[in-house]
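**Q** One structure coming up, written as structure tokens, with questions to follow.
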Amino acid sequence: MVSLYLLGLLLRFGPQHGYQIKKTIAEQLSDFTQIKLPTIYYHLTKMEADGLLSASSEKPGSRPEKTVYTITEKGRAAYARMLQGLTQEEYRPTFPADAVFYFSDHFTPEEMTRYLQRRMEALEESLGVIARHRAETLPYVPDEAKAMVEIIFSHHEHHYRAELAWAGEALRKLQ
Numbered sequence: 029m030v031s032l033y034l035l036g037l038l039l040r041f042g043p044q045h046g047y048q049i050k051k052t053i054a055e056q057l058s059d060f061t062q063i064k065l066p067t068i069y070y071h072l073t074k075m076e077a078d079g080l081l082s083a084s085s086e087k088p089g090s091r092p093e094k095t096v097y098t099i100t101e102k103g104r105a106a107y108a109r110m111l112q113g114l115t116q117e118e119y120r121p122t123f124p125a126d127a128v129f130y131f132s133d134h135f136t137p138e139e140m141t142r143y144l145q146r147r148m149e150a151l152e153e154s155l156g157v158i159a160r161h162r163a164e165t166l167p168y169v170p171d172e173a174k175a176m177v178e179i180i181f182s183h184h185e186h187h188y189r190a191e192l193a194w195a196g197e198a199l200r201k202l203q
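In terms of this note's numbering, the sequence shown has 90 at position 62, counting the first letter as 1, and numbering is strictly consecutive.
The following block contains the structure:
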């Protein structure tokens, strides 16, 4: 998925250096993907070696030299295949919390209760973050992209709300 996002950003915004890409990910994608800076550079280097990107050096004024990445035709084709492949992907979510319940014999009932209470608090906080980010982001989104951005925010809100409902149900069953 990291490669898909990096290629997509280069297609959307044109040639960029790693820090620009990292900044865009932090500002625009952090609500629904978790890509870390070292991962970005690893994938950029790998995609360049695979011929999906070309890299050139740029030295703006007295600033340090930067590597600017540009998507190649091979990269465009790979991006199209990856994106199309996602439309065929089977939905099979995994829930790490299920392991906690599967091995719950290693916890006391009080520990399980505290775990669920903390999880519910974290989910509520995440919903608040998404709501704040939506309010901050939407005024700057071009009108033609607003519906798609709303769809993404809504998708994540639904998942967090479903997880919150599940945690509440699990907590009630433990009590």
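No residue lacks a Cβ here, since even glycine has one placed at the ideal position from N, Cα and C.
Are H45 and T98 close, meaning C-beta to C-beta below 7 Å?
**A** Walking along the sequence shown from the start, residue 45 turns up at place 17. Walking along the sequence shown from the start, residue 98 turns up at place 70. Their beta carbons are not under 7 Å apart, which means H45 does not touch T98 by this criterion.
**Q** Given a threshold of 16 other Cβ atoms within 10 Å of its Cβ, counted over all protein chains shown, does G103 qualify as buried or as exposed?
**A** In the sequence shown, counting from the first residue as 1, residue 103 sits at position 75. When all chains shown are included, G103 counts as buried.
**Q** On the DSSP letters alone, give me the boundaries of the beta strand (DSSP E) that L81 sits inside.
**A** The sequence position of residue 81 within the sequence shown is 53, counting from 1. Element bounds for L81: 81 to 86.
**Q** Only counting runs of 4 or more residues, tell me where the alpha helix (DSSP H) segments fall wholly within the stretch 32 to 81, in order along the chain.
**A** Entirely contained in the stretch 32 to 81, the alpha helix (DSSP H) runs reaching 4 residues are, in chain order, 46 to 52, 65 to 77.
**Q** In terms of residues, what are the limits of the alpha helix (DSSP H) holding V169?
**A** As a first step, residue 169 must be located in the sequence shown, where it is residue number 141. Neither: V169 is in no alpha helix (DSSP H) and is coded neither H nor E.
**Q** Leaving out five residues on either side along the sequence, give the residues of the same chain with a beta carbon under 8 Å from the beta carbon of Y47.
**A** On the sequence shown, position 19 is the one that residue 47 refers to. So the qualifying residues of the chain are K94.
**Q** In angstroms, rounded to a whole number, what distance separates the CA positions of K50 and D133?
**A** Position 22 of the sequence shown holds residue 50. Position 105 of the sequence shown holds residue 133. Their Cα atoms are separated by approximately 42 Å.
**Q** For S58, which of R109, S85, Y33 has the nearest alpha-carbon?
**A** Here residue 58 refers to the residue found at position 30 of the sequence shown. It is Y33 whose Cα lies nearest to the Cα of S58.
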